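Numbering (the working numbering), first residue to last: 41 to 262.
All C-beta atoms, glycine included, are put in the ideal place defined by N, C-alpha and C.
Because the structure is a prediction, the values reported are computed rather than measured.
Working notes, beginning with the structure itself.
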């Protein structure tokens, strides 16, 4: 069995994916990079919405909700800044590797035949995530295992959609060096969100949090 992380894209992202696929498949004599850029920015927004924005409603404390919203806003701005640095006007041949990554390595079909945005997890990461989610039940809660699972989800998601994706871009030395720096800053923000969120949540809220994340992990026959 193989394990994947993935979410159902928003209607806006679905439209952008379809438009980009049609443009490339038809060999239209148009610039590809605006389609690539729009698709990349919306993928980042969908990721943030699914990984972080959805968590805010689970927090029972209004003050903590406000604090989480500020952290989410910081992460969104950092992500947009990074993408604005990395993305730029390129010829169609240079853009195609990014399209191929988003089409072939950043989507998959789930067990219900639905296209998701996501990627295959390594066996070790899948084990850590499964154990972490299994550690949260109505009868028993292991916060440390659960936190490790969420950190693994965040780290692998950032690695895939920032580091691996950046490898498909035509970047100079300075821009290339900015990728791990920016990834580290975003990762720090996401870990800060977890560290603010998890310690004070009651067991019932932790179960809601686990239930929120579980549908993102898909097990498929290879």
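- Per-residue burial, residue 164 [other beta carbons within 10 Å of its own, 16 or more giving buried]: So residue 164 ends up on the exposed side.
- Message: Mapping the DSSP letters down to three states, classify residue 147 as helix, strand or coil.
- Response: Strand, per DSSP.
- Message: Applying the 10 Å Cβ sphere with the 16-neighbour rule, what's the burial state of residue 223?
- Response: Under a 10 Å Cβ-count criterion, residue 223 is classified as buried, with 16 or more other Cβ atoms of the shown protein chains found around its own Cβ.
- Would you call residue 65 buried or exposed, if buried means 16 or more other Cβ atoms sit within 10 Å of its Cβ? That one is exposed.
- Task: Reducing DSSP to helix, strand and coil, say where residue 259 ends up.
- Result: Strand.
- Task: Report yes or no: do the stretch 240-259 and the stretch 83-100 share at least 3 C-beta pairs separated by less than 8 Å?
- Result: As far as the Cβ criterion goes, the stretch 240-259 touches the stretch 83-100, which means the pair count is three or higher.
- Message: Taking the alpha helix (DSSP H) that residue 155 belongs to, which residues open and close that run?
- Response: Careful: residue 155 lies outside any alpha helix (DSSP H), inside the beta strand (DSSP E) at 155-160.
- Task: With a 10 Å radius around its C-beta and 16 neighbouring C-beta atoms as the bar for buried, classify residue 255 as buried or exposed.
- Result: Per the 10 Å Cβ criterion, exposed.
- Query: Who are the Cβ neighbours of residue 226 in its own chain at under 7 Å, not counting the five residues just before and after it?
  - Reply: Hits under 7 Å: 115, 118, 119 and 198.
- Query: Count the other CB atoms within 10 Å of the CB of residue 200; is the residue buried (16 or more) or exposed (fewer)?
  - Reply: Residue 200 should be labelled buried.
- For residue 127, which residues of its own chain have a beta-carbon under 7 Å away from its beta-carbon, when the five flanking residues on both sides are left out? Around residue 127: 77 and 80.
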